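Read in order, the letters of the sequence shown are residues 1324 to 2038 in the numbering used here.
Data first, discussion second: the structure below is written as structure tokens.
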Amino acid sequence: MNAVKAWARKGALAAFALACAFGGGTVASAEPVHTEHTVSRLVAEGPAVPGRPLWVMLDQTLQDGWHTYWVNPGDSGLPTEVNWTLPAGWTAGPLNFPAPHRFTTGPLVNYGYDKATHVLARLDVPADAKPGTNVSLTAAANWLICADVCVPEDATLTLDVPVAAAVANDADVAPLFAEARAALPVDSPYPVSVETAQAAVTLRLAAPGLTAAQVKDAYFFAEDPDLVEAGAPQALSFTKDGLVLALKPTGRAKPGPVNGILVVTELVNGQPTTQALAIHIPAGGAAPASSGAPAPAGGEAALPLWQAMLFACLGGMVLNLMPCVFPVLSMKAMALVRHQGAHARLHGLAYAVGVLACFAAVAGVLMVLRAGGQEIGWGFQLQSPVVVAVLAYVMLLLALSMSGVFTVGDRFMGAGQELTQGEGYLPSFFTGVLATVVATPCTAPFMGAAVGYALVQPWFVALAVFLSLGFGMALPFLALAFSPWLLRHLPRPGAWMERLKQVLAFPLYGSAAWLVWVFAVQVGAAGMADILIGVVLVGFAAWLYGVTHYAEGWGRRGGAVGAIMALALAVGAVAAHTGTAAPATDGAPKVADAGGFQPFSPDALDKLRADGRPVLVDFTAAWCITCLVNERVALSSDTVHAAFKAHDVALLKGDWTKQDPVITRVLQAHGRDGVPLYLFYRPGQAEPEVWPQILTEAQVLDAVGSLPSRSASAQ
């Protein structure tokens, strides 16, 4: 059978070889050379003219099912090469390849051509070439051709070209050269920039108004095989400034110019039209002043929708265990024992609607800001010191209310204590809103991949993922509200509920204190006095409202007005710190923290990896509860630090407490839109290990312990 297949292949090859031979009978085309799977010939556009360029072509026809390779072959393969032997004074320019195609074999992606290729080269003819003579041009070509197996082939092609006094292109080959030129990439009509770093490569095409409705696909073929991973997805997104491609770096690229081909498929009158744009960016080329955030280039970007929604739902369920959420939710759950049947179910639905509405609002604001070019991610609002301060005040008020300092009636802003103790359905709705707001500093397991996926998808897909996150968060309360069996097994109401409420106030006090610390980290020691004054004013407002709540007439009204004024003054105390905390300037001094971590920067990471050291990068934020717990539980013990020292692990910390576009891009390049993210780079490996979002000391010790010790490395 194999012999029959081989005979059939050779017969097919002979057939198209004859076609090539009979089509090449002019002086501008040499006789084709036949190899096992390829027919090759050298073609000149016309006679040579002294002092003028002559274009020649390596014209190859490939056997069906076989392909050759581009300059960058991708994950495997070898490019086509040509070595010229030319008359004295003649010079040859670089080969001009058409835009390649992608060939996928399992996880591997290759760049190349099937069926036929037309590779152009410019030959410069010396001014002293003599008209009326012939010159011999020789091209020694070699290439790799592959199907299910790969075969290296080569051919020596010789072409005799007459020298003429005037240009007279050969009409027989004119259509062939026109076809070849049409397949070449053209210079981009729009500005293009590429930002390269160890952890992310981002290509931006500045074409304002370009949208996902117009562009069906975009793909960047990098000439340098060490720049980006050929087999990794290229995540396409759009900003107000144009098109953004997030690419996965190999980790091997060196500083220098970036060259390649950007192939964009647009819909014109409903029909796909492909255009290949030549990209040439000098070393250090600047990016546009206004640019949107890239989408993830890692595997998370390729999650199927159902899996992203499942991960979001699971992550939302875990959020209920966070210390900010649990006290509020617990008291609301205990309040369900007062209700039965339909009333309990309606309270559960109202709570779920509040959660979903708040998640939809947060997602909407996040997507609008990102579409406007803001490089932000999950928890972005907590990068604003004013938002952090107001959230601290809310936590403190809830804690004071649960401690019995004041009881809020239905005339105080329509909500207040009804958030946790009211009898109507609106309080259950606001409990869901509040639980979502206080949960945003947290990133639960499963949640990071889901959010990273959502923010590079169309808005309706992103909304579905965020609503799944909200549904997961609301699910335990819904299960309780819709299960008579669970409600029957809840403890009966009594004095114990008041004591439990007072006990649960203390996690909220702790959360308020933590947020005060976050505010101080964001604005510095000078701003600490502002929020402490605000805390005192909030406490005064709660006390004043509490002592006047049961007064008659003007006493009660005066207490409410005084409390509102005190709260307004508390907000005013921190209002000077408006907006988002600005990132530290590059010139500002940066100090390592007590755990031995140095500040992260792409350059610092590149240098440490170039030195051959293992590197752990901890992307964290002061407002991220999960991050702080991981640092205390898994990264701060003497045992862990001894392991780091024994294995010469370099430690970098990317602090996202304040807005930092560089860190945002790194997070997105690894399919995340929030912290924590832990990247562990082993020596000699291009890609980092991504550690779990919930860390244990044992996991860290296992990963570090698999490295050779410092003494062994030195040997």
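We treat Cβ as the ideally placed atom computed from N, Cα and C, and that holds for glycine.
Computed from a predicted structure; not experimentally measured.
| Check | Outcome |
| --- | --- |
| Hey, Phe1752 and Gly1677: beta-carbon distance below 7 angstroms or not? | yes |
| Rounded to whole angstroms, what is the Cα-Cα separation between Ala1686 and Phe1729? | 34 angstroms |
| Once the 5 residues before and after Ala2026 are set aside, which same chain residues still bring their CB inside 8 angstroms of it? | Phe2003, Glu2012, Trp2014 |
| Excluding sequence positions up to five away, which residues of its chain have a Cβ less than 7 angstroms from the Cβ of Gly1885? | Leu1867 |
| Thinking C-alpha only, which one of Met1380, Leu2030, Asp1934, Phe1649 is nearest Val1760? | Phe1649 |
| Report the rounded CA-to-CA distance for Ala1616 versus Thr1479, giving the unit in angstroms. | Per-residue confidence for Ala1616 stands at a pLDDT of 32, beneath the threshold of 50, marking its modelled position as unreliable; no derived number is given. |
| Verify whether the separation of the beta carbon atoms of Pro1572 and Val1591 is less than 7 angstroms. | no |
| Buried or exposed: where does Phe1783 fall if 16 or more other Cβ atoms within 10 Å of its Cβ makes it buried? | exposed |
| Between Thr1358, Arg1364, Ala1488, Leu1568, which lies nearest to Val1474 when the distance is taken from Cα to Cα? | Thr1358 |
| Note down, in chain order, each residue of its chain lying with its Cβ closer than 7 angstroms to the Cβ of Gly1416, except the 5 sequence neighbours on either side. | Ala1444, Arg1445 |
| On a CA-only basis, which of Pro1402, Val1432, Val1448, Pro1423 is nearest Ala1411? Give me that one, please. | Val1448 |
| Measure the C-alpha to C-alpha separation of Phe1967 and Gln1921 and round it to an integer number of angstroms. | 14 angstroms |
| With a threshold of 16 other CB atoms inside 10 Å of the CB of Gly1435, please say whether the residue is buried or exposed. | buried |
| Nearest CA to the CA of Phe1942: which residue from Ile1986, Leu1860, Gly1869? | Ile1986 |
| Here's the rule: buried if 16 or more other CB atoms are within 10 angstroms of the residue's CB, otherwise exposed. What is Ser1459? | exposed |
| Could you compute how far the alpha carbon of Pro1355 sits from the alpha carbon of Gln1386? | 15 angstroms |
| Between the C-alpha atoms of Asp1547 and Trp1629, what's the straight-line distance to the nearest angstrom? | 36 angstroms |
| Straight-line CA distance for Gln2022 to Ala1969? | 17 angstroms |
| How should Thr1519 be labelled, buried or exposed, when 16 other C-beta atoms within 10 angstroms of its C-beta is the threshold for buried? | buried |
| List the endpoints of the continuous alpha helix (DSSP H) containing Tyr1832. | 1818-1846 |
| Would you identify the three-state DSSP class for Thr1754, choosing helix, strand or coil? | helix |
| Counting beta carbon pairs with one atom in the region 1980-1996 and one in the region 1522-1529, are three or more of them shorter than 8 angstroms? | yes |
| Per DSSP, which residues does Gly1435 bridge with? Please list them. | Tyr1392, His1424 |
| Near Ala1610, what residues of its chain come up, given a Cβ to Cβ distance below 6 angstroms and the 5 sequence neighbours on each side ignored? | Legend: pLDDT at Ala1610 = 32, less than 50; position of this residue unreliable, no value from coordinates given. |
| Does Cys1681 come out as helix, strand or coil in the three-state DSSP assignment? | helix |
| Return the bridge partner residues of Leu1385 from the DSSP annotation. | Thr1361 |
| Looking at the secondary structure, which residues open and close the alpha helix (DSSP H) in which Thr1987 lies? | 1984-1992 |
| With a CB to CB cut of under 7 angstroms and the five nearest residues on each side skipped, what residues in its chain are close to Asn1643? | Phe1649, Leu1652, Met1796, Pro1799 |
| Let me check one thing: in DSSP terms, what residues is Val2013 bridge-paired to? | Leu2002 |
| Just to confirm, are Gly1397 and Val1442 a CB contact at a threshold of 7 angstroms? | no |
| My guess is that Ala1945 and Trp1840 are in contact by the Cβ rule of under 8 angstroms, so how many angstroms apart are they, rounded? | 7 angstroms |
| If we count the other Cβ atoms within 10 Å of its Cβ and call it buried at 16 or more, is Trp1819 buried or exposed? | exposed |
| Pick out whichever of Asp1926, Val1972, Asp1971, Val1998 has its Cα sitting closest to the Cα of Lys1981. | Val1998 |
| Can you tell me whether Ala1444 is helix, strand or coil according to DSSP? | strand |
| Starting from Glu1476 and walking both ways along the alpha helix (DSSP H), at which residues does that stretch end? | Element bounds for Glu1476: not the alpha helix (DSSP H) but the beta strand (DSSP E), 1473-1485. |
| What residue does the beta strand (DSSP E) around Leu1939 start on, and which one ends it? | 1938-1943 |
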